[in-house]
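Each remark here refers to the structure printed beneath this line.
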Amino acid sequence: MSNRIDNLLHEDRRFAPSDEFAANAVANAELYAEASDDRLGFWARQARELVTWEKPFTQTLDWSNPPFAKWFDDGTLNVAYNCLDRHVDAGNGDRVALHFEGEPGDSRSLTYAELTAEVKRAANVLTGLGIRAGDRVAIYLPMIPEAVIAMLAVARLGAVHSVVFGGFSADSLRSRIDDAAAKLVITADGGWRKGKVSPLKPAVDAALEARGDLGPQDTVTNVLVVKRGENTVDWNPERDRWWHDELAAASPDHTAEAFPAENPLFILYTSGTTGKPKGILHTSGGYLTQAAFTHKNVFDLHADSDVYWCTADIGWITGHTYVTYGPLANGATQVIYEGTPDSPHPGRWWEIIEKYKVSIFYTAPTAIRSFMKLGRKIPKQFDLSSLRLLGSVGEPINPEAWMWYRKVIGGKTAPIVDTWWQTETGAIMISALPGITETKPGSAQVPLPGIAIDVVDDDGNPVGEGNGGLLVVTEPWPSMLRGIWGDPERFQETYWEKFGDKYFAGDGARLDDDGDVWLLGRVDDVMNVSGHRLSTAEIESALVSHPFTAEAAVVGASDETTGQAVVAFVIIKESQLEESKAVEDIQAVLRTHVGEQIGPIARPRQIFVVNELPKTRSGKIMRRLLRDVAEGREIGDTTTLADTTVMQIITEKVG
Ligand code: PRX
């Protein structure tokens, strides 16, 4: 790690925007000055200019009860109206909102007028199924237009969506449905992935059947099913409804009602340091303001000419803010793609960019690194000259991948914005502003106007330029999480207890001599695998829930492609070992089990069967030492181990 940091900090390449880009840029340098003179005034102006309010707000921020912020509290708005109707009313109804590309090659474009009509119908269907403001709706869908339509229909009613990534298992879905006490689940028969249909409805059926004693029973009254995969599904006539039947029968008229700015908009579960995922709560007015502001300024959006593509799935925060809310609030034209990057051929993404003349492209470093491995020949077969801006998100981007992205994908001219943010921050917090900032490969660079960031030591003192520490946000921001669903104490403890008045992000960071921020990865027991957050504790508890396992420890080990990879060390129960099972079989069974418990993304890359785990005298597992083993390094300081011979035994086992 320290070797890597040193390499990073010797990066002295700089890329200034072209004169032409700078001359036409949406953002301007005055934004920084305006926000530093009057931060709240700056956000109030953005909220008034970018969002249409039914009742204008008079108070920008209420921070009288920290850490519970209220932004624009006495204003009212309808989030879906802001993403739809108002663009139609402004004469942009014929502009394409979504170019949908299905994995098997089918495609469909929806204009703002068409998307608005669909959302109105869907809102009427949801009302008919008893959904009212404040009710929770779980969404478990592939990347198809209905995913966006469903989110907006829920938002239109002032209800709260909880999107669950389609790659999560029935168990993960069930615990999320229970935690939020969802009334309705919107799913599909299946979606296309890697050339075949991957079923979704069976997971919903399983989640709703085997409810055991896990939580509130039977909160779900209906399941609305989109037909996409055409796979056969079981049907519960009391509970299940086909989306297409219901929408066809619904009225296309629906007037959006306004709700208070702090009305909950969505819950999105993310991994924390304990086994139980946290339901991150976001509300309406502040979230939409920062989503729209960042989407417009960070991506230099010219809504009447750009074609924007963010490759994230709506199951993640990036899909919420930069597929659904930011782009649609700004009236952008965007591409959504259902499938995997390499299906049916490894050039699929580049083919899509050529087909739709995508001009703004936003993806994750892990994808860039896997394309790098395949070589430049593949992207070179396609015309990528429409691209004029590139974005990166989800994990640190190493300078080599940054340079490859710039040269091979961006034609050596497109600025790259490396955007740091989190599920909790709701929208981008640290990024270059294209047309203004000289970019630096590997650094996320500067806090956006109106955002206050610092890097501090363990006691909360700023470390200053040239030093490393912990990343904090020092002032409340409009799209900040408003809490953890049902657990205000965990909210306080996780983010605010460490420094009192500063938000603790959980990331290590370093300021270089120019004051630019370099992100160094998580400092807690959260892993980042292909830009997805996974908790070591959650995977450990999945492993020990299997009858084979006596004890388990999980670490994130660096991986060339995925950033980090899940590596597990397990102790198998004597009784199981006595049955002389082959180690390979145990490993395979446990990998599958983790896939079933959490989802395929959580399956360990490697599972080592060991006899002991390194523990301190107080019984805490020393993951640092296991990470040394997993990364093939010499073992670090073992003096605090209860039994100092353990590491030697483990290394021999693993070796
Ligand atoms: O460690 C940081 C990393 O991803 C974490 C947030 O994960 P999640 O809530 O799933 O949201 C991902 C998409 C916003 C952060 O704590 N991270 C995110 N963006 C970057 C990053 N690390 C370095 N550079 C980034 N640009």
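The sequence shown runs 2 to 656 under the working numbering.
Quick reminder that beta carbons are idealized off the backbone N, C-alpha and C, glycines included.
Heavy atom of the ligand PRX less than 7 Å from the Cβ of residue i, yes or no?
i: Arg407; result: no
i: Glu476; result: no
i: Glu12; result: no
i: Ala603; result: no
i: Asp508; result: yes
i: Asn529; result: yes
i: Gln423; result: yes
i: Ser393; result: yes
i: Pro397; result: yes
i: Leu520; result: yes
i: Ile318; result: yes
i: Gly280; result: no
i: Thr495; result: no
i: His533; result: yes
i: Thr334; result: no
i: Asp525; result: no
i: Asp560; result: no
i: Ala445; result: yes
i: Asp419; result: yes
i: Thr325; result: no
i: Thr271; result: yes
Is residue i helix, strand or coil when you go by DSSP?
i: Met528; result: strand
i: Asp455; result: strand
i: Pro442; result: coil
i: Trp193; result: strand
i: Asn4; result: Reliability of the predicted coordinates at Asn4 is poor, the pLDDT of 45 falling under 50, and the value obtained from them is presented with this limitation in mind. Asn4: helix per DSSP, three-state reduction.
i: Pro704; result: Given that the chain is displayed from residue 2 to residue 656, the structure contains no residue 704 and the question cannot be resolved.
i: His255; result: coil
i: Ile178; result: helix
i: Ser285; result: coil
i: Lys378; result: helix
i: Leu85; result: coil
i: Lys408; result: helix
i: Arg511; result: strand
i: Pro261; result: strand
i: Gly216; result: Confidence at Gly216 is low in this model, with a pLDDT of 47, below 50, so its placement is unreliable and the value that follows should be read with caution. Coil.
i: Arg229; result: coil
i: Asn223; result: strand
i: His303; result: coil
i: Asp38; result: helix
i: Glu239; result: coil
i: Pro605; result: coil
i: Phe164; result: According to the sequence provided, residue 164 is Val. The question's Phe does not apply to it. Strand at Val164.
i: Ala558; result: strand
i: Gly522; result: strand
i: Thr59; result: coil
Mind checking residue i: buried by the 16 CB within 10 Å criterion, or exposed?
i: Asn125; result: buried
i: Trp405; result: buried
i: Pro217; result: Summary for Pro217: the model assigns pLDDT 46, below 50, so the residue's position carries little reliability; its value from the coordinates is reported in the next sentence. Counting Cβ neighbours within 10 Å, Pro217 comes out exposed, since fewer than 16 surround it.
i: Ala105; result: Note on residue identity: the sequence assigns Pro, not Ala, to residue 105. Answer is exposed; the Cβ neighbour count stays below 16.
i: Leu520; result: buried
i: Lys121; result: buried
i: Ala510; result: buried
i: Ser3; result: Unreliable positioning characterises Ser3 in this predicted model, as indicated by a pLDDT of 42, which lies under 50. A coordinate reading is not provided.
i: Gln649; result: exposed
i: Ser444; result: buried
i: Pro67; result: exposed
i: Ser386; result: exposed
i: Asn223; result: buried
i: Ala333; result: buried
i: His245; result: exposed
Can you check DSSP and say which residues form a bridge with residue i?
i: Ile485; result: Ile281
i: Glu552; result: Ile572
i: Asp421; result: Note on residue identity: the sequence assigns Trp, not Asp, to residue 421. Its beta-bridge partners are Ile431.
i: Gly469; result: Arg511
i: Val97; result: Thr112
i: Lys616; result: Ile622
i: Ala566; result: Ala558
i: Val474; result: Ile454 and Tyr504
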